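Novice: Going down the list, the protein sequences come from chains A and B. Using my numbering, the letters of the first sequence map in sequence onto residues 13 to 121. Using my numbering, the letters of the second sequence map in sequence onto residues 13 to 121. Below is a structure I'd like to ask you about.
Number of protein chains: 2
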Amino acid sequence: MGATKSDLFTKKQNNLANMAKALAHPARIAILQELIKLNACVCGDLVTELGLAQPTISQHLKELKNARLIQGTIEGTSVCYCINPKVWNEYKQILSGFFAEVKLKSDCC
Amino acid sequence: MGATKSDLFTKKQNNLANMAKALAHPARIAILQELIKLNACVCGDLVTELGLAQPTISQHLKELKNARLIQGTIEGTSVCYCINPKVWNEYKQILSGFFAEVKLKSDCC
DNA sequence: TCCTTTTATTGCAATATTACGATTAATATG
DNA sequence: CATATTAATCGTAATATTGCAATAAAAGGA
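Right, dumping it as C-alpha cells:
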C-alpha cells in the first residue's frame with residue numbers, strides 16, 4: 013500500500029489528477045508565473061528569484077516538463093524555458109471542462 | 013527537508029497549489045464526478061462504486077471537505093455528501109484566472 | 001438494552017514527494 | 001587544454017500521501 017491505485021479509475025480521471033498534481037506545488041506555480049511574466053524564457057534566474065536551491069528548481073522544472081507544460085532549449089551553457097502554449101491551452105480546456113460539469117443548483121444537503 | 017517551503021511563496025500561490033492538490037488524486041476526481049452525476053447526494057454508495065476500502069474513501073472525503081469542495085449532512089446512520097456550489101465556482105474562477113494569465117504567442121524557445 | 005448499520009478514527013506499512021549537498025556533464029572562454 | 005559557468009543527476013534525509021485492518025462512535029430498530 014501507499015501507491016495510488018490508478019487501475020481502478022478511467023484514463024481521463026487519472027489524466028486529470030496528474031494534471032492537477034503538476035500544479036500542486038507553490039514552487040511550480042511560481043515558476044509558471046515567472047515564465048509567463050517574462051514571456052521570453054528564463055533559466056537559472058529562477059533559482060535566484062525563488063528561494064530554493066538549484067537542484068530543487070531543476071527537479072520542479074523536470075516535473076513541469078514531464079507534464080508537458082513547459083519546454084526548454086539549450087542556449088550555450090544555460091537552458092531557456094518557456095510555456096508550451098499548446099499544452100497550456102489543453103490544460104485550460106480539460107480543467108474548465110471538468111468544472112463545467114456542475115450545473116449548479118442550490119446545495120442539496 | 014521533505015516539507016514544502018510555503019513561506020517562500022505568496023498566499024495566492026500556496027492557495028492555488030492547495031486547490032490543485034485537492035484534485036490531484038483520481039479517487040477524489042471520481043468522487044466529485046459521482047456526486048455531480050447523482051446530483052442528489054450519496055454516501056457509502058461511493059465505497060461500492062469505486063473499488064477502495066471504506067476508510068480510504070472516508071479519508072478522501074475528509075480531504076475534499078477540508079478543501080471545502082464538498083459538504084456532508086448526517087441523515088440517520090448515513091452521511092449525505094454533495095458539491096458545495098459556491099466553492100466549486102470559486103475554484104473554477106481562480107483556476108481559469110490562472111490559465112488566462114497566458115496571452116499565448118508562439119513559443120519562444 | 002442489545003444489535004445492526006453506517007461512518008469516522010487510529011495505527012501502521014508502503015510508497016511518493018520535497019529539498020539539498022555533492023558530483024557530473026556540457027559548453028564557453030582564456 | 002585548463003578553467004569557469006550553468007544545469008542535470010545522484011544519493012540521501014525528512015516529510016507527506018495512500019491504503020487498509022481494526023476499532024470506535026453514532027444513530028436507528030428489535
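Glycine included, every Cβ here is placed at the ideal spot set by N, Cα and C. Please read all numbers here as calculations on a predicted model, not as lab measurements.
#1: What did DSSP end up calling G109 (chain B) once you bin it into helix, strand or coil?
#2: If we ignore side chains and look at the alpha-carbon of each, how far apart do P67 (chain B) and C55 (chain B) end up?
#3: Bridge partners for V122 (chain A) per DSSP, in chain order?
#4: Answer yes or no: does any C-beta atom of chain A fall closer than 8 Å to that of E61 (chain B)?
#5: Could you tell me whether the Cβ of P67 (chain A) comes closer than 8 Å to any Cβ of chain B?
#6: Between L20 (chain B) and chain A, is there a C-beta pair that is closer than 8 Å?
#7: Give the secondary structure of T22 (chain A) by DSSP, where H, G and I count as helix, E and B as strand, and everything else as coil.
#8: How do the stretch 23-35 of chain B and the stretch 103-110 of chain B stand: do at least 3 beta-carbon pairs fall below 8 Å, yes or no?
#9: Cβ of T89 (chain B) less than 8 Å from any chain A Cβ?
#10: Inspect the beta-carbon positions of V59 (chain B) and I69 (chain B) and report whether they are closer than 8 Å.
#11: Please list the partners that E113 (chain B) has in chain A, where partner means a Cβ-to-Cβ separation under 8 Å.
#12: Identify which residue in A:K115, A:L62, A:K74 has its Cα closest to the Cα of N101 (chain B).
#13: Could you give the residue range of the beta strand (DSSP E) that holds V54 (chain B)?
#14: Cβ closer than 8 Å: which chain B residues qualify as neighbours of Q25 (chain A)?
#15: Please list the terminal residues of the continuous alpha helix (DSSP H) segment that includes T68 (chain B).
#16: Looking at the strands, I want to know which residues DSSP matches up with T85 (chain A).
#17: Tell me which residue opens and which closes the alpha helix (DSSP H) that L47 (chain A) is part of.
#18: Put A32 (chain A) into one of helix, strand or coil per three-state DSSP.
#19: Taking DSSP as the reference, what is the three-state secondary structure of K17 (chain B)?
#20: Skipping 5 residues on each side, what residues in its chain have a beta carbon closer than 8 Å to that of M31 (chain B)?
Specialist: A quick look at the data gives this:
#1: Secondary structure at G109 (chain B): helix, using DSSP grouped into helix, strand and coil.
#2: Cα to Cα, P67 (chain B) sits roughly 13 Å from C55 (chain B).
#3: Look at the range of chain A in this structure, 13 to 121, and you will see that residue 122 (chain A) is not part of it.
#4: No, E61 (chain B) lies away from the interface with chain A (no Cβ there is under 8 Å from its Cβ).
#5: Not an interface residue.
#6: Cβ-Cβ to chain A under 8 Å: yes for L20 (chain B).
#7: Note: T22 (chain A) maps to coil in three-state DSSP.
#8: Result yes; three or more Cβ-Cβ pairs closer than 8 Å.
#9: No Cβ of chain A is located within less than 8 Å of the beta carbon of T89 (chain B).
#10: Yes, they are a contact pair.
#11: Chain-ordered, the chain A residues with CB closer than 8 Å to the CB of E113 (chain B) read Q45, I48.
#12: Looking at A:K115, A:L62, A:K74, the one whose alpha-carbon comes closest to that of N101 (chain B) is A:K115.
#13: Premise fails: V54 (chain B) is in no beta strand (DSSP E) and is neither H nor E.
#14: Identification of chain B residues near Q25 (chain A) by a Cβ-Cβ cut-off of 8 Å yields P38, I41, A42, Q45, ordered along the chain.
#15: The continuous alpha helix (DSSP H) containing T68 (chain B) extends over residues 66-78.
#16: Per DSSP, A:C92.
#17: The continuous alpha helix (DSSP H) containing L47 (chain A) extends over residues 38-49.
#18: In the structure shown, A32 (chain A) sits in a helix (DSSP, three-state: H, G or I).
#19: Look at K17 (chain B) here: in three-state DSSP terms it is coil, with no helix or strand label.
#20: Same-chain partners within the cutoff: A79, Y103, I106, L107.
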